[in-house]
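A quick write-up on the structure given underneath.
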Amino acid sequence: MSDHHLLEKQLAESPFSNEHFTQELKLNVMRRAKNGKKKSSISRWAPVLLIPLAVGALTVGLLTEQSTQSPRAAAWHEGTAFNEQGELLFTIYPDPNVTAGVTFGYLFSFEASFHAFEGKRLEIQAEHRRTGVREELSSELITTPSSGYDSLQRYTAQFALPIGGEWIITVLLDDVPYGNSLLTLEDPMPWSPSPVFSSDSSSMRGEEGKIGIIDVDFRAGQAQKVMWHFWGGVDSLDGPFQVKAVKEHSEAMIEVFSSAPFSSANALAGALNGADRHTVSSIELPEAGKWRLLPYVGGRLLDPVVVEVQPSIAR
């Protein structure tokens, strides 16, 4: 089962948590599909452009298709992407509660007919403008339109971005850039350690039903054995395993674990403690404070886990 079909099942009717926002969005998308593919103007989309401002969590700006400029230098349009002929390419509707460090749903509403996408691989990538950190968000071979539509008016994706700030979201078709979106994510302070939950009598810290580590004490500068537990589809949990970490009030991401090359094709072991997959790593965090652990499987970020690291004990 593809990542996109898994997302459709998980998201059901909506990738968002706010039902009022969802209904408004649904009406906008349906109205546009009914009216056909007319050339759009900025004034026509003024109500849509106000949505990111209303929710207050995210500013969305889209760059022109296949721009020859650097993402850091290119001009961008608030809320919509246009090609060089001034035609609307797509609009992104994020979850209104979106923040950095948490998986949220995003709806991509594309304007082109299904013929433009059919049989092509649609990829979504991200680059942090300040640090240059890059993330692979999703990849899918397009074979069918959005459910209930004649094209990709309601293409959904779920992903987490590791740190706050401005991110360039790039959509590619068969490795060719199609359009770019500027997302500005808040990173609420102070951070809170991830909640503790129980699974098969084991106390874990993380997100119940998604990810959990056996709750252990972390000390600065001391290696700690960490047992990871993952819930999810087979496709999303295959591949090499890597852990990065970022400290509160910092944008510097460091690598703290990477699976051995010989096991990278299938780094995670089988079911354990109620989870679908598990693995063990040794992690050393250099300083005391709150840290966001960023687990990657197959090059894609899963749900992060925030832990509190205590000062080292003098010997």
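Numbering (my numbering), first residue to last: 1 to 315.
Note that the Cβ used here is the ideal one computed from N, Cα and C, for glycine as well.
Exercise. If we count the other Cβ atoms within 10 Å of its Cβ and call it buried at 16 or more, is GLY212 buried or exposed?
Worked result: As a first step, residue 212 must be located in the sequence shown, where it is residue number 212. Buried.
Exercise. Leaving out the 5 sequence neighbours to the left and right, which residues in its chain are closer than 6 Å to LEU272 when beta-carbon positions are compared?
Worked result: Translated into the one-based positions of the sequence shown, residue 272 becomes position 272. So the qualifying residues of the chain are HIS278.
Problem set entry | Cβ shell of GLN310 (< 8 Å), same chain only, five flanking positions each side left out | Taking the first residue of the sequence shown as 1, we reach residue 310 at position 310. So the qualifying residues of the chain are ASP217, PHE218, ARG219, ALA220, ALA288.
Problem set entry | C-beta neighbour in chain D for TYR178, strict 9 Å | Note that chain D does not occur in the displayed structure, where there is just one protein chain.
Exercise. Does DSSP put PRO193 in a helix, in a strand, or in coil?
Worked result: Here residue 193 refers to the residue found at position 193 of the sequence shown. The answer is coil: DSSP assigns PRO193 none of H, G, I, E or B.
Exercise. If you compare alpha carbons, which of VAL234, ASN266, HIS249, GLU251 is closest to GLN242?
Worked result: Counting from 1 along the sequence shown, the entry for residue 242 is found at position 242. With distances taken between Cα atoms, GLN242 lies closest to ASN266.
For this session: Can you check the segment 187–248 for any beta strand (DSSP E) of at least 3 residues that lies completely inside it and give the ranges in chain order?
Result: Listed in chain order, the beta strand (DSSP E) runs fully inside the segment 187–248 are 196–199, 202–207, 211–214, 224–230, 241–247, counting runs of at least 3 residues.
Exercise. Does the beta-carbon of ILE283 have 16 or more other beta-carbons within 10 angstroms, so that it is buried, or is it exposed?
Worked result: Here residue 283 refers to the residue found at position 283 of the sequence shown. Flag for ILE283 reads buried.
Exercise. Per DSSP, which one or two residues make a beta bridge with ALA269?
Worked result: The residue you call residue 269 lines up with position 269 of the sequence shown. For ALA269, the pairing in a beta bridge is given by DSSP as HIS278.
Problem set entry | Exposure label - VAL196; buried when at least 16 CB within 10 Å | Translated into positions along the sequence shown, residue 196 becomes position 196. So VAL196 counts as exposed.
Exercise. Three-state secondary structure (DSSP) at PHE117?
Worked result: Within the sequence shown, the letter at position 117 stands for residue 117. PHE117 falls in the coil class under three-state DSSP.
Exercise. What are the start and end residues of the beta strand (DSSP E) that includes GLY165?
Worked result: Within the sequence shown, numbered from 1, the residue matching residue 165 stands at position 165. Per DSSP, GLY165 belongs to the beta strand (DSSP E) from 165–173.
Exercise. Between SER139, GLY86, MET189, which lies nearest to GLU248 when the distance is taken from Cα to Cα?
Worked result: Walking along the sequence shown from the start, residue 248 turns up at place 248. Of SER139, GLY86, MET189, the smallest CA-CA separation from GLU248 is found for MET189.
Exercise. Are at least three pairs of beta-carbons, each pair with one atom in the segment 79–97 and one in the segment 120–136, less than 8 Å apart?
Worked result: Result no; under three Cβ-Cβ pairs closer than 8 Å.
For this session: For ASP200, count neighbouring C-beta atoms within 10 Å of its own C-beta (all shown protein chains included) and say buried if the count is 16 or more, exposed if not.
Result: Indexing the sequence shown from 1 puts residue 200 at position 200. Burial call: exposed.
For this session: Starting from the Cα of SER202, find the closest Cα among GLY148, MET227, GLU140, THR184 and give me that residue.
Result: What you label residue 202 is simply residue 202 of the sequence shown in a count that begins at 1. Put simply, of GLY148, MET227, GLU140, THR184 the residue whose alpha carbon is nearest the alpha carbon of SER202 is MET227.
Exercise. Any idea what DSSP makes of PRO177, helix, strand or coil?
Worked result: As a working note, residue 177 is residue 177 in the sequence shown. In the three-state reduction of the DSSP assignment, PRO177 falls in the strand class, which pools E and B.
Exercise. Once you ignore the five residues that flank VAL102 on each side, which residues in its own chain have a CB closer than 8 Å to its CB?
Worked result: On the sequence shown, residue 102 is found 102 positions in, with the first residue counted as 1. Excluding sequence neighbours, VAL102 sits near ALA160, ASP303, PRO304.
Problem set entry | Beta-carbon proximity check, PRO193 vs VAL307, cutoff 9 Å | Start at 1 with the first residue of the sequence shown, and residue 193 comes out as number 193. Start at 1 with the first residue of the sequence shown, and residue 307 comes out as number 307. Yes; because the gap between Cβ atoms is below 9 Å, this pair is in contact.
Exercise. If you count every other CB in all the chains shown that lies within 10 Å of the CB of SER138, and 16 or more means buried, which is it?
Worked result: By one-based count along the sequence shown, residue 138 stands at place 138. Buried, since its Cβ has 16 or more Cβ neighbours within 10 Å.
Problem set entry | Distance, LEU107 Cα to LEU50 Cα | For the purposes of this step, residue 50 is identified with residue 50 of the sequence shown, where counting begins at 1. For the purposes of this step, residue 107 is identified with residue 107 of the sequence shown, where counting begins at 1. Low local confidence applies: a pLDDT of 39 at LEU50 is under 50, so the model's placement there is unreliable, and no value is given.
Exercise. Going straight from the alpha carbon of LEU294 to that of GLU251, what length do you get?
Worked result: As a first step, residue 294 is located in the sequence shown; it is residue number 294 there, counting from the start. As a first step, residue 251 is located in the sequence shown; it is residue number 251 there, counting from the start. About 13 Å.
For this session: Name the one or two DSSP bridge partners that LYS300 has.
Result: Taking the sequence shown and counting its residues from 1, one reaches residue 300 at position 300. Before going on, a small fix: residue 300 reads as Arg here, not Lys. Residue pairing from DSSP places ARG300 in a beta bridge opposite VAL297.
Problem set entry | Neighbourhood of ASP215 by C-beta, 8 Å cutoff - its chain only, sequence neighbours within 5 removed | In the sequence shown, the residue the question calls residue 215 occupies position 215. VAL196, SER203, MET204, ARG205.
Exercise. What number of angstroms, rounded off, separates the C-alpha of THR184 from the C-alpha of VAL171?
Worked result: One-based indexing of the sequence shown puts residue 184 at position 184. One-based indexing of the sequence shown puts residue 171 at position 171. Taking the straight line from one Cα to the other gives about 17 Å.
For this session: Pull up the distance between the alpha-carbon of LYS290 and that of LEU88, whole angstroms please.
Result: Taking the sequence shown and counting its residues from 1, one reaches residue 290 at position 290. Taking the sequence shown and counting its residues from 1, one reaches residue 88 at position 88. Distance between the alpha carbons of LYS290 and LEU88 is about 42 Å.
Exercise. In this structure, what does DSSP give as the bridge partners for VAL307?
Worked result: To locate residue 307, count along the sequence shown from 1; it is residue 307. Beta-bridge pairing links VAL307 to TRP291.
Problem set entry | Secondary structure of PRO94, DSSP reduced to three states | What you label residue 94 is simply residue 94 of the sequence shown in a count that begins at 1. PRO94 carries a strand assignment under DSSP once its states are collapsed to helix, strand and coil.
For this session: Use the C-beta contact count for THR91: other C-beta atoms within 10 angstroms, 16 or more gives buried, fewer gives exposed.
Result: The sequence position of residue 91 within the sequence shown is 91, counting from 1. In the assembly as shown, THR91 is a buried residue. Its beta-carbon has 16 or more other beta-carbons within 10 Å.
Problem set entry | Closest by C-alpha distance to THR131, when choosing among PHE117, GLU111, TRP167 | Here residue 131 is taken as the residue at index 131 of the sequence shown, counted from 1. For THR131, the nearest C-alpha among the options comes from TRP167.
Exercise. So is VAL176 buried or exposed if we call it buried at 16+ other beta carbons inside 10 Å?
Worked result: The residue labelled residue 176 in the question sits at position 176 within the sequence shown. A residue is called buried once 16 or more other Cβ atoms fall within 10 Å of its Cβ, and VAL176, having fewer, is exposed.
Exercise. How many angstroms separate the CA atom of THR143 from the CA atom of ALA116?
Worked result: Stepping through the sequence shown from its first residue, residue 143 is reached at position 143. Stepping through the sequence shown from its first residue, residue 116 is reached at position 116. Computed Cα separation, rounded: 11 Å.
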